[in-house]
Amino acid sequence: MRTEQYANLHLSVEAGVALLQIARPEALNALDARLLDELEAAFSSLRDDPETGAVIVTGAGEKAFVAGADIKELATLDGVAGRAMSLRGQQVFSQIESLPKPVIAAVNGYCLGGGCELALACHIRIASENARFGQPEVKLGLIPGYGGTQRLPRLVGQGRALELLLTGDVVDAREADRIGLVNRVVPENELLPYCRELANKIMANAPYALSLVLEAVRAGASMPLERALLVEAGLFGLACATEDMKEGTKAFLEKRKPVFRGIVNRQREER
Ligand code: DAK
């Protein structure tokens, strides 16, 4: 098992699955500027790590995933610093969203404001039964600054997103599931085992194909359908050029399980 310790972030990689735990218990894991820096460093290291096939992000402790951006820091912002901080957070969250490996948010408790925006930047969200979601920024005279006004409506639709964004209401895991904010709700003690199982299931597939699916969905989301379909065709062509595609189709025809190597593995073997 490989581990990396940051001031408020603990990273461990075991059997191809990275577990990233946000650990700032004195503030219910609220995101301050240092945590943003640490998230950026951890995700850069995971992007380049050939041993990591999937990432699970969760909050340390039982009470919170992330209870928001750090309100003490927010309170000190003026207009210029606010814009800069928003752009900084957006950049880090876009880095998470564009990771070429699946990122699963294991939401274990309060998932509010910047915490909800972090979960929205992940590819899949699994919630424990005690999870609570909301974008309460308007209660502080703010609006979401880390992508919430954009990613939430894209995920749950404009009407449901606006209800959460305008009321600042906090909803439980069942409601989050009902409106499509999370993929699934599981009992608290099953959250991490379930996310690991999900990561392993995904990682059994061809790694380069997984990265192409992530790229197609992400790039296409901000394009008109016609252009997005062209992007899909280009990436489909790339998939056709891989050894894994030859192996996958051959294995099917030979009625056996495929053995995928992925582009990274092949490059490492060739070195
Ligand atoms: N920031 C800083 N400290 C926090 C915090 C937060 N978001 N959430 C909790 N804490 C701290 C509390 O102050 C308390 O500290 P001490 O008093 O013990 O020193 C400790 O964590 C434990 O919290 P509580 O005592 O309040 O615990 P409870 O169980 O009673 O309540 C709670 C839990 C989650 C309901 C409550 O703590 C709460 O309401 N927290 C705030 C939730 C919230 O409003 N989150 C959204 C924050 S706004 C932008 C960028 C980003 C954003 C906006 C703009 N730009 C750059 C423009 C995003 C904004 C947000 O995320």
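Counting from 5, one number per residue, gives the positions in the sequence shown under our numbering. The beta-carbon is built from N, C-alpha and C at its ideal position, and this holds for glycine as well. Nothing here was measured: the structure is a model prediction, and the numbers come from that model.
Just list the alpha helix (DSSP H) runs in the segment 103–189, keeping only unbroken ones of 4 residues or longer that don't cross its boundaries, in chain order.
Taken in chain order, the complete alpha helix (DSSP H) segments of 4 residues or longer contained in the segment 103–189 are 118–125, 152–160, 162–171, 177–182.
Please work out which residues of its chain come closer than 6 Å, Cβ to Cβ, to arginine 28, disregarding the five sequence neighbours upstream and downstream, and give them in chain order.
Excluding residues up to 5 positions away in sequence, Asn12 lie with their Cβ nearer than 6 Å to the Cβ of arginine 28 in the same chain.
Taking aspartate 147 as the reference, which of Gln162, Leu50, Gly172, Leu43 has the closest Cα?
Note on identity: in this sequence residue 147 is isoleucine, with aspartate being the wrong assignment. Closest by C-alpha distance to isoleucine 147, out of Gln162, Leu50, Gly172, Leu43, is Gly172.
Take glutamate 55 as the anchor and find which of Arg38, Glu18, Gly65, Lys76 has the nearest alpha-carbon.
Here the closest residue by C-alpha is Glu18.
Per DSSP, cross-strand counterpart(s) of threonine 7
Within the DSSP secondary-structure output, threonine 7 pairs in a beta bridge with Ser16.
Hey, could you find the ends of the beta strand (DSSP E) phenylalanine 264 is sitting in?
Looking at the DSSP string, phenylalanine 264 is not in any beta strand (DSSP E), and its letter there is neither H nor E.
Going along the chain, which residues of its own chain have a beta-carbon closer than 6 Å to the beta-carbon of serine 132, five neighbours each way excluded?
Only Asn112, Glu192, Leu195 meet the Cβ criterion.
Would the C-beta of aspartate 74 count as close to ligand 1, meaning under 7 Å from any of its heavy atoms?
Indeed, a heavy atom of ligand 1 lies less than 7 Å from the Cβ.
Could you tell me how far apart the beta carbons of isoleucine 60 and alanine 34 are, in whole angstroms, since I believe they sit closer than 8 Å?
So it is not a contact: roughly 20 Å between Cβ atoms.
Considering only residues of the segment 186–234, which uninterrupted beta strand (DSSP E) runs meet the minimum length of 3 residues and lie entirely inside it, listed in chain order?
The DSSP assignment places complete beta strand (DSSP E) segments of no fewer than 3 residues inside the segment 186–234 at 188–190, in order along the chain.
Label methionine 5 either buried or exposed according to how many other C-beta atoms from any shown protein chain fall within 10 Å of its C-beta, with 16 as the threshold for buried.
By the Cβ neighbour-count rule, methionine 5 is exposed, with fewer than 16 other Cβ atoms within 10 Å of its own.
Length of the line joining the Cα atoms of alanine 237 and leucine 216
Distance between the alpha carbons of alanine 237 and leucine 216: 11 Å.
Please state the DSSP three-state secondary structure of threonine 62.
It is a strand residue.
How about leucine 144: is its Cβ closer than 7 Å to a heavy atom in ligand 1?
Within the cutoff, so yes.
DSSP state of leucine 239, grouped into three classes?
Three-state DSSP puts leucine 239 in a helix.
For glycine 252, tell me which candidate among Ser102, Ala210, Gly149 has the shortest Cα-Cα distance.
Check the Cα spacing between glycine 252 and each of Ser102, Ala210, Gly149: the tightest is with Ala210.
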